[in-house]
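In the working numbering, each residue carries its 1-based index in the sequence shown increased by 954.
Worksheet for the structure shown next.
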Amino acid sequence: MGFSGKILSINLKNGSTKTVPLDTDSIRDFIGGKGYAAKLLWENTKSKIDPLGSENIIILATGPLTATRIPATGRMCFVTKSPLTYTYDDSHVGGHFASEMKYAGYDFIIIKEKAESPVYIYIKDKDVQIFDAASLWGKDSFETEERIRDTHNDRRIRVASIGPAGENLVRYACVNIDLYRQAARGGVGAVMGSKNLKAIAVRGSGFIDVHDPDKFDRYVEEAYNAIETDKNLYTMRRWGTGRSVAWSSSQSLYPTKNYQSATFRGAEKLSGEEMERKIWIKRKACFGCPIHCGHLAVIRGNSKYSGSVVEGVEYETTALLGADCGIDDLEAVTYANMLCDKLGLDTLSTGGTIAWAMECYERGLITDEETSGLELKFGNNEAMIKMIEAIAYRKELGNILAEGVKKASEKIGGKEFAMHVKGLELPGWAIRAAPSMGLAYATADRGGCHQRAWPISYDLGSKTPDGKILERFSTEGKVYPTKYQQDVTASLYSLIACDFATGTIGIDKYINLLNAATGWSYNKEEFIKTGERIWNLIRLYNIREGLGKKDDNLPERIHNDPLPEGVAKGKRLPKKDFDKM
């Protein structure tokens, strides 16, 4: 109960498909979603395989709460070996694909081998077909999704597709879902491209049973009431993640000019309030979610970007394509966001890599000849936009930048200001003023990531899980709350729950919902312990791939370069203090 009960395995080399029952005994130890997919990746891949080789697999994973009436559980994750970091990768995405996949009868889909020529997968309940995709190859993600829906004459088909960046094996290519949602981090789009897999389309007609409907309904009502009465979620509905832009900059947390600073004077121009005034036309939501944090944006007027349509702009994208590149033009950032989505690029890695290239250019490590005359300086909107296209199509300098900042810095130089952990470009939270977030980045299971733990709140004065108040800039006491969040998040991402609701609904309510849906008898201690088990399994996978404690590090800039301005002026995270954590 709570599960569809089946795993679908698809072999692209010979076109065969196989459905096997879900092992309901073993899945309890990993809950589902991220946790069970990690187990499947461990069992179905060999050590040291090429992430872009045919031996790699892609796992589409849902959880036991997916496609039920619980609010904010419309998420799924794509799990694979990352071509960017060579580590485990799970890339999460919202929208409606996850629920449709479960309604079609599948909790997990495993995609193996490589097709001889471009194909897409079409799933309609038990009917699984592989179609020729030659006519779609080279098309952007938006057009691909529309063409597949037209081909099958069904507007309710849900599509996961790649753009030209995935086809060209850009190492941080994303997967696009429902036009405007992305499984972005780690390069799963490149893995799809390496398999000649243009898209996966799904349509389901089933439903999900739960173990105890009466209890389940009561707990669902409690979850909805918690969301509806949380005043903090009002600002999330109104301004989305953009509500944090100006605040983040004021707290020296907003990466600026390749993390040289953490305070951006143009932050207000990229804020949710500014988006509300200038570009948003309606709110949008994932499956069954009352929060409606998404916003459809349209650039109006007579600017060069007029007519562009995208969902966003999310906080992280404003940080990496905006402040980190020294750009405060909201329309330019919105257009760049749309371009990344259409071409199939992770906006975070794209922005972080371009920001690094801008600093290289200003330092003389990249020349005008290498940019073909493009003035690749901070604040140059057009340079950023042209570089996005060059990366997606691997043209000239874009071919090097398509490898990611780690590999690019090994070729060009500038390693000391290449802002990544394990090859994954850092996200939009600066960490010299937030030591616990630095620890979270360094130890995250897929490289520098803010979604395995977000302990900034403890740096800023919130009580830790054991009731302590910590000093902001000190490293003392930061280990336990960071690890606690990592363990809890691993379990929540196995349900699969959304970050924007977990704090409001709370762990206890999620455990009640899980037990009512599945018939299990989890308590809080076991729930957290399961998260630790999941975390340890992924750690073992990464060790198997050659990583270790030596790789749990941060960029040199974080240790050596004090912040030049803002409330945390002069702050850095010295290596000796970091190592104590």
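All C-beta atoms, glycine included, are put in the ideal place defined by N, C-alpha and C.
From a predicted model like this one, the values you see are computed outputs, not experimental measurements.
#1: Could you work out which residue in Tyr-1434, Ala-1155, Glu-1097 is closest to Gly-1421 when comparing CA atoms only?
#2: Mind pulling the beta strand (DSSP E) runs of 3 or more residues that sit fully within the segment 1342-1428?
#3: Just the Cα atoms here: how many angstroms apart are Phe-1032 and Ala-991?
#4: Among the candidates Glu-1510, Gln-1440, Glu-1379, Met-1341, whose CA atom is the shortest distance from the CA of Lys-1369?
#5: Which runs of the alpha helix (DSSP H) fall wholly inside the segment 1098-1144 and span at least 4 residues, in chain order?
#6: For Asn-1122 and Gly-1194, I'd like the C-alpha separation in whole angstroms.
#7: Say whether the segment 1100-1108 touches the segment 1000-1018, bearing in mind that this needs 3 or more beta-carbon pairs closer than 8 Å, one atom from each stretch.
#8: Compare the Cα-Cα distances from Tyr-1538 to each of Arg-1487, Tyr-1464, Glu-1486 and report the closest residue.
#9: Which same chain residues, not among the five before or five after Gly-1367, have their C-beta less than 8 Å away from its C-beta?
#10: Strictly by DSSP, which residues pair up with Gly-1220?
#11: Who are the Cβ neighbours of Lys-1035 in its own chain at under 6 Å, not counting the five residues just before and after it?
#12: What whole-angstrom Cβ distance do Val-1264 and Ala-1137 have, given they're in contact under 8 Å?
#13: In whole angstroms, what separates the C-alpha of Gly-1352 from that of Ile-1013?
#14: Could you check whether Ala-1052 and Met-1030 sit closer than 7 Å to each other, using their CB atoms as the reference points?
#15: My output table needs one value for Trp-1234: the three-state DSSP class, helix, strand or coil.
#16: For Arg-1317, which three-state DSSP category applies?
#17: Quick check: the Cα distance between Trp-1383 and Gly-1377, rounded to an integer number of angstroms?
#18: Can the beta-carbon of Glu-1270 be found less than 7 Å from the beta-carbon of Leu-1302?
#19: Given a cut-off of 7 Å on the beta-carbon distance, is the pair Glu-1054 and Leu-966 in contact?
#20: Taking contact to mean at least 3 C-beta pairs separated by less than 8 Å, is the segment 979-995 in contact with the segment 1013-1022?
#21: Terminal residues of the continuous alpha helix (DSSP H) containing Gly-1248?
#22: Report the rounded CA-to-CA distance for Tyr-1412 versus Lys-1529, giving the unit in angstroms.
#23: Got a sec: does the ligand FMN put a non-hydrogen atom nearer than 6 Å to the Cβ of Asn-965?
#24: Alpha carbon to alpha carbon, what distance is there between Glu-1268 and Thr-1217?
#25: Determine the DSSP secondary structure at Lys-1080, reduced to helix, strand or coil.
#26: Going by the CB atoms, is the gap between Glu-1379 and Gly-1266 shorter than 7 Å?
#27: Identify the continuous alpha helix (DSSP H) that holds Pro-1037 and give its terminal residues.
#28: Check the C-beta distance from Trp-1408 over to Phe-1371 and give it rounded, since I have them as a contact under 8 Å.
#29: So, at 6 Å on beta carbons, what are the nonlocal neighbours of Ile-1410 in its own chain, with the 5 sequence-adjacent residues on each side left out?
#30: Which one of Ile-1482, Ile-1245, Glu-1228 has the shortest CA to CA distance from Asn-1179?
#31: By a C-beta neighbour count over all protein chains shown, 10 Å radius and 16 as the cutoff for buried, is Ala-1522 buried or exposed?
#32: Could you say if the segment 1278-1295 and the segment 1145-1156 meet the contact criterion of at least three C-beta pairs nearer than 8 Å?
#33: Look at the alpha carbon of Thr-1458 and the alpha carbon of Asp-1184, and state the distance between them as a whole number of angstroms.
#34: Leaving out five residues on either side along the sequence, give the residues of the same chain with a beta carbon under 7 Å from the beta carbon of Lys-993.
#35: Within the chosen definition, does the segment 1158-1167 reach the segment 1086-1097 through at least 3 CB pairs nearer than 8 Å?
#36: Do Gly-1358 and Arg-1172 have their C-beta atoms within less than 7 Å of each other?
So, from the data block:
#1: Tyr-1434
#2: none
#3: Pairing Phe-1032 with Ala-991, the inter-Cα distance amounts to about 9 Å.
#4: Glu-1510
#5: 1118-1121
#6: 32 Å
#7: no
#8: With the chain represented from 955 up to 1535, any question about residue 1538 goes unanswered, as that position is not in the structure.
#9: Cys-1314, Leu-1319
#10: In DSSP, Gly-1220 forms no bridge with anything.
#11: Pro-1005, Asn-1010
#12: Contact flag wrong, Cβ pair sits at about 17 Å.
#13: 29 Å
#14: yes
#15: Three-state result, Trp-1234: strand.
#16: helix
#17: 17 Å
#18: yes
#19: no
#20: yes
#21: Element bounds for Gly-1248: not the alpha helix (DSSP H) but the beta strand (DSSP E), 1248-1252.
#22: 21 Å
#23: Among the components modelled here there is no ligand, and therefore nothing to report on the ligand FMN.
#24: 18 Å
#25: coil
#26: no
#27: Taken as a continuous stretch (DSSP letters only), Pro-1037 belongs to no alpha helix (DSSP H), as it is neither H nor E.
#28: Not confirmed; about 25 Å, so no contact.
#29: Ala-1388, Met-1391
#30: Ile-1245
#31: buried
#32: Flag = no, the segment 1278-1295 and the segment 1145-1156 do not touch.
#33: 7 Å
#34: Phe-984, Leu-1491
#35: no
#36: no
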